[in-house]
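Engineer: First the structure, then my questions, so here it is.
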Amino acid sequence: MHGGALAGWLLMALCAVSGAYCLLRTRTGTGTPQERRTARGEALMGFGMAAMAVPAAVLTPPEGAWAVYGVVFGAAALRALWSARHGSHHLHHLVGSLAMVYMAVTMAPGAAGAGGHAGHGAAAGGAGGVPLLTGVLLVYYALYVLRSAGHLIPAGTGVASFAGGRPEGVVRGGRGGVVGSATGVGTELTMACRLTMGIAMFAMLLTL
Numbered sequence: 001m002h003g004g005a006l007a008g009w010l011l012m013a014l015c016a017v018s019g020a021y022c023l024l025r026t027r028t029g030t031g032t033p034q035e036r037r038t039a040r041g042e043a044l045m046g047f048g049m050a051a052m053a054v055p056a057a058v059l060t061p062p063e064g065a066w067a068v069y070g071v072v073f074g075a076a077a078l079r080a081l082w083s084a085r086h087g088s089h090h091l092h093h094l095v096g097s098l099a100m101v102y103m104a105v106t107m108a109p110g111a112a113g114a115g116g117h118a119g120h121g122a123a124a125g126g127a128g129g130v131p132l133l134t135g136v137l138l139v140y141y142a143l144y145v146l147r148s149a150g151h152l153i154p155a156g157t158g159v160a161s162f163a164g165g166r167p168e169g170v171v172r173g174g175r176g177g178v179v180g181s182a183t184g185v186g187t188e189l190t191m192a193c194r195l196t197m198g199i200a201m202f203a204m205l206l207t208l
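Oh and the sequence shown: position 19 is 19 in our numbering, straight run, nothing missing.
Have a look at this one:
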């Protein structure tokens, strides 16, 4: 029971930090309007996952909270579906939003096998769900995590090649010196946040 609560707190912290960073990206004034809209969607996902991961021993959500989750992320899924016309990355947002709706429906009071919060479902005996759908989502997020990790691992390693990592170009200055790029660092932080939320989603789905 203690281990389940600790895992819930860890998931909450990771998702909240990731959501805060994504929200910060919308305030920096950099990037295109499309990138800022993407950051807002990722911030919503991060904070939503953080709220869902709070251990129920600390905070039991009211009955209507799960309906709110379903409506909010259902709307986010429709928006992601519409935005997918402009970029394939929005398809990942669509999957994530639908996964949140699925978990909200599964965790709602009265749902078959409902056992409580996703963040502590393992400790509460599991929350049920549709095994086939849960399995498909787990496979998707496992592959997503491996691919995202491959992009962060330095090129040339066996792990990076296995996970689909690509060599990153090196930016050089006028005299051949390596120039540190703030844009490159920001891109790596963004990828790290997406990786973190992918791992958190995988962990939450495991509790179903």
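C-beta: ideal position from N, C-alpha, C; glycine also.
With burial defined as no fewer than 16 other Cβ atoms inside 10 Å of the residue's Cβ, what is the status of Leu137: buried or exposed?
Structural biologist: With 16 or more other Cβ atoms within 10 Å, it is buried.
Engineer: In angstroms with no decimal places, state the Cα-to-Cα distance between Leu24 and Thr38.
Structural biologist: When rounded, the distance between both Cα atoms is 12 Å.
Engineer: Just to check my reading of the structure: Gly41 and Met100 have Cβ atoms closer than 8 Å, yes? What is that Cβ distance to the nearest angstrom?
Structural biologist: Going by Cβ atoms, the distance from Gly41 to Met100 rounds to 12 Å, so no, they are not a contact pair.
Engineer: Thinking C-beta only, is Thr106 closer than 7 Å to Leu206?
Structural biologist: Against a cut-off of 7 Å, the Cβ pair of Thr106 and Leu206 comes out as no contact.
Engineer: Quick one: grab the DSSP three-state call for Gly126.
Structural biologist: Low per-residue confidence applies at Gly126: pLDDT is 46, beneath 50, and the placement is therefore not dependable, though the value from the model is reported in the following sentence. Of the three classes helix, strand and coil, the one that applies to Gly126 here is coil, per DSSP.
Engineer: By the three-class DSSP mapping on this structure, what secondary structure does Pro90 have?
Structural biologist: As written in the sequence, residue 90 is His, which differs from the Pro given in the question. Three-state DSSP puts His90 in a helix.
Engineer: Out of Cys15, Ala76 and Ser83, state which residue places its alpha-carbon closest to the alpha-carbon of Thr196.
Structural biologist: The shortest C-alpha separation from Thr196 is found at Cys15.
Engineer: So, with DSSP's three-state summary, where would you put Ala84?
Structural biologist: Note: Ala84 maps to coil in three-state DSSP.
Engineer: Using a threshold of 7 Å, state whether the C-beta atoms of Leu98 and Ala53 are closer than that.
Structural biologist: No; because the gap between Cβ atoms is not below 7 Å, this pair is not in contact.
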